[in-house]
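Residue numbering for the sequence shown follows numbering that gives the first Met the number 0, starting at 0 and increasing by one per position. Glycine is no exception: its CB is placed at the ideal position from the N, C-alpha and C atoms. Inspection log for the structure reproduced underneath, given as structure tokens.
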Amino acid sequence: MRLRTIICVLAMAACTGSTGPAGPEGAQGSAGPQGDQGSQGDQGSQGDQGSQGSQGSAGSNGSDGQLRIYGDGTAGAVTIAADTDWSATPPADDNYQFTTFTVNAGVTLTVLPGTVIRCTGSCANKGTILVVPGANGGFECMQPAVGLYAVVEAGPNAFGYTAGLGEVTTSGVQAVGGIGYGTSETFAESIVNVGVNGGGGGAGNGGAGGGTLTILGEVAVTNGAGATISARGQDADDTTGCAQVDGTESGGGGGGGGGYVILASMTAVTQAGSIDVSGGAGGPSGTYFAPGGGGGGGLVHLYAPTVTHTGSETLTAGANGTGTGTLATSPRSAGASGGAGTSFGGSGGSLDTTNTIVAGGTGLDGFSFTSELDPTALFY
């Protein structure tokens, strides 16, 4: 047996048999540790620039920015069919930007001073539009044997002019009435964008000045036949305030100046009705005051390429206050002046050295203008 084994071993050393079939693959071993990061490669060359795209076509032109003066129409189409007071209850959100706007015949609309009504279409008044006064009237009281107290200056007109008080003197000394300065016709024609105040308030115990109203319609503005717009100055009223209370007296105030009404359209304005911008009447003389002056007349201006004018405007100054004879109390006051509209207010009554009342000067009538042009660029 040992001999056979030796022979077999020697035989295996002398020759090798054929390889047997591969055994099954063993399970994968666990991953080895990550190798170090290689160095960054060189940056590649820049590619060629792409060709520029073609320019797009131009957009259409936007609407003319100046047309904003006619509003955006967000308040819609409005018809005033019953008496309405916008001074107490204004339109929702205080929005006066309408597509169309109409005041029906037989109906009264009351508006605040400084109101601007804007229409992308047409604005038409067939009834009555009343403008609340703007500038306040003055206030003064006289205490016997003492003099003036509680004095409040009157509100100015659109140009900043304020009516003057009368001088206060003792018996037998001259006293000059107040003066209500206005402006020239040329200056009055130049005013376009007005504020709240039109006419100035009357001095002393005076009336309030007329307010302002502007109506702007892109298509048309009409004040129809039988329709009325009123922005007149108020009469002086010496029955209010300190009149005959605790030994004091008021009186001799000036009337308020007439207000301003402007109608403008880029197409057409028709004024077939009436517009009142007259001044208010001055107050009468009293125990301690000479009579006041009347308010000056106001302003009406119509702007459009086509203006049809068959209506009427009341532009007259208010009457001076009444009172004659003598006023010998001491101290006492000359009369206060009326407020200026565009024109001068009437001066107050004076007192001479004999204590005689001398009538004041008469105020001047206002102005009416027509400008046949497209006003769009003038307003804001």
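| Query | Result |
| --- | --- |
| Enumerate in chain order the residues of its own chain whose CB-to-CB distance from Ile6 is below 8 Å, with the five nearest sequence positions on each side excluded. | Confidence at Ile6 is low in this model, with a pLDDT of 39, below 50, so its placement is unreliable and the value that follows should be read with caution. Answer for Ile6: no residue qualifies. |
| Taking the alpha helix (DSSP H) that Thr185 belongs to, which residues open and close that run? | 184-189 |
| Mind reading off the beta-carbon distance from Ala202 to Leu164? Whole number of angstroms is fine, and I expect it under 8 Å. | 5 Å |
| Give the secondary structure of Thr83 by DSSP, where H, G and I count as helix, E and B as strand, and everything else as coil. | strand |
| For Asn222, list the residues DSSP reports as bridge partners. | Asn124, Gln270 |
| Let me check understanding here. Comparing Cα to Cα, which of Thr321, Asp82, Ala376, Glu188 lies closest to Thr299? | It is worth fixing the name first, because residue 299 is Val in this sequence and not Thr. It is Glu188. |
| Considering only C-alpha positions, which residue in the set Gly209, Gly198, Gly171 is nearest to Leu326? | Gly171 |
| Would the stretch 264-273 count as touching the stretch 179-196 if we require 3 or more Cβ pairs under 8 Å? | no |
| Looking at the structure shown, is Thr315 part of a helix, part of a strand, or coil, going by DSSP? | coil |
| What residue from Thr353, Thr107, Gly258 has the CA that sits closest to Thr83's CA? | Thr107 |
| By DSSP, does Asp92 sit in helix, in strand, or in coil? | helix |
| Between the stretch 110-123 and the stretch 137-153, do three or more beta carbon pairs fall short of 8 Å? | no |
| Does any residue of chain B bring its CB to less than 8 Å from the CB of Thr98? | Looking for chain B here will not work: only one protein chain is present. |
| Expressed to the nearest angstrom, what Euclidean distance is found between the alpha-carbon atoms of Thr211 and Gly136? | 16 Å |
| Taking the beta carbon of Gln96 as the centre, do at least 16 other beta carbons fall within 10 Å, making it buried, or is it exposed? | buried |
| Please name the residue or residues paired with Asn196 in a DSSP beta bridge. | Gly210 |
| Under a Cβ-count criterion, where at least 16 other Cβ atoms within 10 Å of its own Cβ denotes burial, should Gly337 be classed as buried or exposed? | buried |
| Can you tell me where the beta strand (DSSP E) with Arg141 in it begins and where it stops? | Sequence inspection shows Met at residue 141; the Arg mentioned does not correspond to that position. Segment 138-142, the beta strand (DSSP E) holding Met141. |
| Thinking Gly278 and Gly232 are a contact (beta carbons under 8 Å), I'd like their distance in whole angstroms, please. | 5 Å |
| From Tyr379, Val260, Asp234, Leu215, pick the residue whose C-alpha is nearest to that of Thr99; which is it? | Leu215 |
| Excluding the five sequence neighbours on either side, which residues of its own chain have a C-beta within less than 7 Å of the C-beta of Asp245, listed in chain order? | With a pLDDT of only 48 at Asp245, under the threshold of 50, the placement of this residue in the model should not be trusted, and no figure is reported. |
| Just mark Leu66 as buried or exposed, buried being the case when its beta carbon has 16 or more other beta carbons within 10 Å. | exposed |
| When the distance is taken between beta carbons, is Gly362 closer than 8 Å to Gly293? | yes |
| Tell me which residues share the same chain as Ser367 and place their Cβ nearer than 7 Å to its Cβ, disregarding the 5 neighbours each side in the sequence. | Val299, Glu312, Leu314 |
| May I have the straight-line CA-CA distance separating Ser264 from Gly310, to the nearest angstrom? | 17 Å |
| Suppose you measure from the CA of Thr456 to the CA of Val195; what does that come to, to the nearest Å? | With the chain running from 0 to 379 in the structure shown, residue 456 is simply not present. |
| My understanding is that Gly348 touches Ser284, with C-beta atoms under 8 Å, so please give their C-beta distance in whole angstroms. | 7 Å |
| Which whole runs of the beta strand (DSSP E) in the stretch 297-341 are 3 residues long or more, in chain order? | 298-302, 305-308, 311-313 |
| What whole-angstrom Cβ distance do Gly295 and Gly344 have, given they're in contact under 8 Å? | 4 Å |
| Looking only at DSSP bridge pairs, what is Ala174 linked to? | Leu350 |
| Taking the beta strand (DSSP E) that Ile228 belongs to, which residues open and close that run? | 227-229 |
| Terminal residues of the continuous beta strand (DSSP E) containing Val102? | 100-102 |
| Can you tell me which of the three DSSP states Thr361 falls into? | coil |
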